[in-house]
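Each protein sequence line maps, in turn, to chains S and P. Residue numbers for the first sequence follow this note's numbering, so the first one is 1 and each next one is one higher. Residue numbers for the second sequence follow this note's numbering, so the first one is 1001 and each next one is one higher. Virtual Cβ for every residue (Gly too), placed ideally from N, Cα, C. Because the structure is a prediction, the values reported are computed rather than measured.
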Amino acid sequence: MKVDITVNGEPTSADVEPRTLLAHYLRDTVGLKATNIGCDTTSCGACTVLVDGESVKSCTVLAVQVDEQSVQTMEDLGIEHKVTAAFRQEHGLQCGFCTPGMVMAAVSLIEENPDLTEKDVREGLEGNICRCTGYHNIVRAVLVAAGKDPDAAQAAGADDKTVAPGFSAGEGAK
Amino acid sequence: MSILGTRVVRTEDPVFLTRGATYTDDLTDERLTGALHLTLVRSPIAHATITSIDVDAAKDAPGVVAVFTGADCDLAPMLGFPAAHKAMLRPFLAVDRVRYVGEAVAAVLTEEAYQGEDAAELVDVDYEPLDVVVDMKEALKDEVLLFPEAGTNLVSGMHLNKEGRPEDFFADCEVVVSKEIVNQRVAAAPLETRAATAFWGEDGRCTLFLSTQNAQAARDEVAGWMGIEPSQLHVILPDVGGGFGAKIGADPEFALVGWLSKKVGRPVRWNESRSENMTGMVQGRGQVQTITIGGDRDGTVKAYSLEVVADAGAYPRLGVALPMFTRMMAPGTYDIPKVWSTASVVATNTTSTAAYRGAGRPEATQAIERAMDLFADAIDMDPAELRKRNVVRPEKFPFTTKGGAEYDTGEYAKAIDLALKAADYDGLRAEQKRRREAGDPLQLGIGVSSYVEITGGGAFVENATVQVHEDGTVTVLTGTSPHGQGHATAWAMLASEQLGIDVDKITVKHGDTDLIPKGAGTMGSRSLQTGGIAVHHAAIDLVELAKQRAADVLEANVEDLVVADGSVQVKGTGAAVSLAELAGREELKAFHEWDAKKPTFPFGAHVALVEVDVESGKATVERIWAVDDAGPILNPLIFDGQRHGGIAQGIAQAMLEEVMWDEEGQPLTGTFADYGIPSAAELPSFDLVTMETPTTINTLGYKGIGEAGTIGSCPAVHNAVIDAVSHLGVEHIDMPLTPMRVWAAISEAAK
């Protein structure tokens, strides 16, 4: 089947097998290799891209489903982008395999919620697995990219019911 | 000002964050044009004889170029670990028997990758099922044999303590506690699965692009399996998407890819799927341990015994060796007068085991740290206090342990105190007491671990080359092999320190066996204390060479020369010649081979705080305070990143992860949908405390940090969850500490 997909602002077109996944279309047909495939159960999120601005796991979408739509991958951002710049500054990547998906998920998350807390970031990135960083610096990077002070955002988890930042004071405190 | 010890952002990152890293499956090398895709047909049965294989239908499928079975493969079956039983041979494609689910049975080569999946389904294999043994202790009974010709499932007796434990071993102890605990099998699960791509040149040499942690060892291993000279094989590592020990050396599939490429005369690519990886890639841990600890009520630990049964999986690999580290590190940070250990390694109808972050040492730490908590509980002493009473005193270093290790440097009690202080340990205990007295359904648990581990054990030698070019740039060649650890930045810092040339002008190359014929790769947290030190010395050698040459140019004495800002300068005068100019006159390059001769022993202490809902059994890790002392810190950004990742993997083993099979040997955790890798939502941020005690075995005092976090965090979290419910009568729960297990333990204790 023929598809016309705008990728990173450029028109692309190809005759694809109907079962071709968007991830394979981007990697093999368009030749953009940043988007990675880390699992076969839509669990890891390494293949996350934006389709018309919404974050999507590109291993879960057929190329034909995004016909006439617009796809954005990490290659479109550049190192000056607030998210990629923050990932570098905060050491939010090690081996780099989850990074393209993680970065695109973060772009979407920041777009959806301009007032992110640490908890928001952790829950918002739940669909993206990283095996290297323990997420600590990814969370910091996303908070920085969202214009937050990561140390303050972490401490904001604390309130009068907590005995230390980040954990509750038990049911008894209610 | 020295660049060493400063926070330098990674030079790797601009490419990784724009074009993306280039992994093996991303290669667009023109020599790979027309490459075929390999799809492996893998056994769905854990133990069976193969009665027939029909490949005719597969051969006729669209896009299929060739199909091979074990009968077609003339690669000699290999022994995956030298000390393993010689009859435990592994064919590259199964011939008449399969021994685990996931074993390769047939190879399908197709023009397009998706055609391979279709064709593989058409390969018709008849299996005659055999009895299956999954449980290690069952396997030791030798009732079901994986290799009847071996006559036993015991893979190696190399770790057996033939002297036996003396009858009176615990005779002088007032209190003795014993427990059987499980250190469960886990999957390394690097985000990039295994991959290999091969082509043969007109010169008759094979080029193999691999995802591995050490190119040179992979070259030698694969060449041996292929029956060719190592010089006939050129191994190149593109970027590698994580390894965690599971990508040490080579996998049999790598040789198969090279062999198939030769056979069909075309390049061949192989990139496994995640479900293939979850049974095909080597896995970590997998020990049943019997721990027995004895001592007096005043808190003096006098004797410790550790009996290990370790799972090799179906075919022996590096996992056979790892109980050596478990036994060596058995006493941990403690000065225990009597320590006894033994280990058996046994074959089961499961995936092979090998290294996973820590590789034998976390198993030792888990055992002794659970033992210390059990003993503290038995004598009603605070577990932190018990640890501080028994750790090796600073004045005793270097300290030769009863495990046979020589600990270089350490201040174990200080590390514990730092962690306790950071956590406000007394405050946490007070809050715990309040909740216990209130009968709060959300109980707090506080877990302490004190650990020491061994890094750079095994391969002590590493080499580096530093070359300055006439354009002022620098190339560093290293025999280490990063896959996320940031060597391009760290090694550039070490060279920059000596040369005074900015890190952005320094390129670090690795993982190409023609360019760098020798090297031991990156594993066992060895890189900095071996490869990094080699770079340091190579840069110093280059400085000396440059001074010799500059002395002629500048008509000065060598003693009057210094190297700074990329040039050789005459002290006190303005006279100088740049390293670039010297390089223009004559090649300016230095090679240094550094022999560390010994390993180092990083150490630390972690305190974990968990909250357990005693009504549902759900435990949540709330905080973790980590003291990880690996000597001076080269780059705190990378150092802390290693700790974060390590801590997360330790928490993951304690709380979530377990590779499981049913009684028939069918994998129950064969995909990422079934296996419990934590997401950001299941982990807290980590509280890191700095402590730096240099080693004496290398010039810069560096120890390794890659695995420390895992070794420290896992027992701290494990102890914390049990501590949260210990007042309800729970003594022990095996990992992973899922709500079901915690709830069951609480219910059992209530009976």
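The beta carbon of residue 1026 of chain P sits closer than 8 Å to some beta carbon of chain S. For residue 9 of chain S, the nearest beta carbon of chain P is not closer than 8 Å to its own beta carbon.
Where residue 1639 of chain P is concerned, the enclosing alpha helix (DSSP H) starts and stops at 1636-1655. Annotation: the continuous alpha helix (DSSP H) that includes residue 1489 of chain P extends over 1487-1499.
Exclusion of the five residues before and after residue 1255 of chain P leaves 1075, 1092, 1222, 1225, 1226 as the residues of its chain whose Cβ lies within less than 7 Å of its Cβ. Between the segment 1621-1638 of chain P and the segment 1597-1611 of chain P, the count of Cβ pairs shorter than 8 Å is three or higher; the stretches touch. Taking the C-beta atoms as reference points, residue 1142 of chain P is found nearer than 8 Å to residue 1153 of chain P. Distance from the CA atom of residue 1665 of chain P to the CA atom of residue 1637 of chain P, rounded to whole angstroms, is 43 Å. In chain S, no part has a C-beta under 9 Å from the C-beta of residue 1599 of chain P; the shortest such distance is about 24 Å. Distance from residue 1448 of chain P to residue 1719 of chain P at the Cβ level is roughly 6 Å; contact confirmed, criterion being Cβ atoms closer than 8 Å. Annotation: Cβ neighbours of residue 89 of chain S in chain P (cutoff 8 Å, chain order): 1009. Taken in chain order, the members of the segment 30-55 of chain S whose beta-carbon sits within less than 7 Å of a beta-carbon on chain P are 33, 34, 38, 39, 40, 41, 43, 44, 46. Under the DSSP assignment, residue 1394 of chain P falls outside any beta strand (DSSP E); it carries neither an H nor an E label. Here residue 95 of chain S is actually not in contact with residue 1672 of chain P; their C-beta atoms are around 17 Å apart, not less than 8 Å. A contact is defined here as three or more CB-CB pairs under 8 Å, and the segment 1165-1185 of chain P meets this definition with respect to the segment 1338-1357 of chain P. The Cβ atoms of residue 1238 of chain P and residue 1079 of chain P do not sit closer than 8 Å to each other. The alpha-carbon separation between residue 1496 of chain P and residue 1011 of chain P amounts to approximately 13 Å. Using a CB distance below 7 Å, the part of the segment 1258-1275 of chain P facing chain S consists of 1273, 1274, 1275, ordered along the chain. In the structure shown, residue 1246 of chain P adopts coil according to DSSP, grouped into three states. DSSP places residue 1221 of chain P in the helix class (H, G or I) of the three-state scheme.
A Cβ of chain P is located within less than 8 Å of the beta carbon of residue 96 of chain S.
Apart from the 5 residues on each side of it in sequence, residue 1631 of chain P sits with its Cβ closer than 7 Å to the Cβ of 1692, 1693, 1694, 1695, 1701, 1702, 1703 in its chain, given in chain order.
For residue 1062 of chain P, there is no enclosing beta strand (DSSP E), as DSSP marks it with neither H nor E. Taking 8 Å as the cut-off, the beta carbon of residue 38 of chain S is found no closer than this to the beta carbon of residue 130 of chain S. Beta bridge pairing from DSSP links residue 1447 of chain P with P:1608. A Cβ of chain P is located within less than 8 Å of the beta carbon of residue 135 of chain S.
Residue ranges of uninterrupted alpha helix (DSSP H) with 4 or more members, entirely inside the segment 1120-1176 of chain P and ordered along the chain, are 1136-1140. DSSP places residue 1627 of chain P in the uninterrupted beta strand (DSSP E) bounded by 1619-1629.
Excluding sequence positions up to five before and after residue 1493 of chain P, its CB lies within less than 7 Å of the CB of 1003, 1004, 1008, 1503, 1634, 1635, all in the same chain and listed in chain order. Setting aside the 5 residues that flank it on each side, residue 1135 of chain P is surrounded in the same chain by 1348, each with a C-beta closer than 8 Å to its C-beta; the list follows chain order. The count of Cβ pairs closer than 8 Å, one atom from the segment 1199-1207 of chain P and one from the segment 1309-1323 of chain P, stays below three, leaving the stretches out of contact. Between residue 1569 of chain P and residue 1539 of chain P, the beta carbon gap of about 17 Å keeps them out of contact (Cβ cut-off 8 Å). In terms of CA proximity to residue 1587 of chain P, P:1469 leads the group P:1034, P:1535, P:1469.
Interface with chain S (8 Å Cβ-Cβ cutoff): residue 1189 of chain P is included. Straight-line measurement puts the Cα of residue 1325 of chain P at about 13 Å from the Cα of residue 1600 of chain P. Among the CB atoms of chain S, none fall inside 8 Å of the CB of residue 1736 of chain P.
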